[in-house]
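For the sequence shown, position 127 (counting from the first letter as 1) is numbered 127 according to the numbering used here, and the numbering increases by one without interruption.
Below: the structure, in structure tokens.
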Amino acid sequence: MAEIPKTLTKRHFLLPSTLFVSKASYDVTTVLGSCVAVCLYDQKLRFGGMNHFMLPVWKDEGLATPKYGNIAIPRLIDEMLALGANKNNLVAKVFGGANSLMESNVYKVGERNIQIAFELLKHHEIPVIKSDIGGKRGRRIMMNSGTHKIFLKYV
Numbered sequence: 001m002a003e004i005p006k007t008l009t010k011r012h013f014l015l016p017s018t019l020f021v022s023k024a025s026y027d028v029t030t031v032l033g034s035c036v037a038v039c040l041y042d043q044k045l046r047f048g049g050m051n052h053f054m055l056p057v058w059k060d061e062g063l064a065t066p067k068y069g070n071i072a073i074p075r076l077i078d079e080m081l082a083l084g085a086n087k088n089n090l091v092a093k094v095f096g097g098a099n100s101l102m103e104s105n106v107y108k109v110g111e112r113n114i115q116i117a118f119e120l121l122k123h124h125e126i127p128v129i130k131s132d133i134g135g136k137r138g139r140r141i142m143m144n145s146g147t148h149k150i151f152l153k154y155v
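This is the structure:
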């Protein structure tokens with residue numbers, strides 16, 4: 001894989017349980033293990049956003065935060081639409097969902113995170129044009145929000 005380039009573009013480090021959307025071009029970086037990042041992009045307006053969720057489904061306990069895929073994905077879509085994106089112009093790239101050697105096979109958090117991402121994107125009729133998911137290794141990704149170009153490094 002290509003080394004993550006050093007650029008003069010504005011940068012944002014995306015923490016777990018958060019999301020980021022901007023019409024300005026940013027290099028958005030995050031590190032994923034069993035977590036999943038969905039990277040959305042409006043192909044016509046040329047801007048995008050990313051989320052980083054840790055668990056697949058919020059079950060009405062505690063706060064409904066982007067920690068959960070079923071909250072993070074619709075919220076990312078809503079943020080994109082609020083900035084003028086057209087749902088018909090959105091495409092997605094999905095990353096993460098590794099199954100750690102330390103994780104019990106009972107929980108399969110990575111697999112369940114991947115599943116909810118693809119289910120919700122299909123439900124919202126947003127095509128997934130690229131993905132790098134599953135496996136045993138974590139990933140560091142950087143998305144340029146102005147081009148939707150992704151740089152990936154296994155960790």
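For each residue, glycine too, the CB sits at the ideal point set by N, CA and C.
These numbers come from a predicted model, not from an experiment.
- Query: How many Å lie between E61 and G49 at the Cα?
  - Reply: 27 Å
- Would you call the CB atoms of P56 and I116 closer than 8 Å? yes
- Could you pull the start and end residues of the alpha helix (DSSP H) that M80 belongs to? 69-82
- Since H123 is in the alpha helix (DSSP H), which residue starts that stretch and which ends it? 109-123
- Query: Just how far apart, CA to CA, sit V94 and M143?
  - Reply: 11 Å
- Which first and last residues belong to the beta strand (DSSP E) in which M142 is found? 139-144
- Query: Distance, Cα to Cα, K59 vs K67?
  - Reply: 12 Å
- Considering only residues of the same chain and omitting the five flanking positions on each side of A98, which have a CB-CB separation below 8 Å? L32, G33, S34, G110, G134, G135, K136, R137, G138, R139
- Query: Would you say L120 and G84 are within 8 Å of each other, going by their C-beta atoms?
  - Reply: no
- Task: Figure out for me which residue from N88, F151, L19 has the closest Cα to the Cα of K122.
- Result: N88
- Query: Using CA coordinates, which residue listed in L90, T29, H148 is at the minimum distance from P16?
  - Reply: T29
- Between the beta-carbon of N51 and the beta-carbon of L81, is there less than 8 Å? no
- Item | Same chain, Cβ closer than 8 Å to E23, five either side skipped, listed in chain order | Reading off the sequence, residue 23 comes out as Lys, not Glu. Hits under 8 Å: L45, F47, L83, G84.
- Kindly list the residues whose CB is nearer than 6 Å to the CB of H148, restricted to its own chain and excluding five residues on each side of it in sequence; keep chain order. Y41, G48
- Message: Could you pull the DSSP bridge partners for M50 from this structure?
- Response: F20, C39
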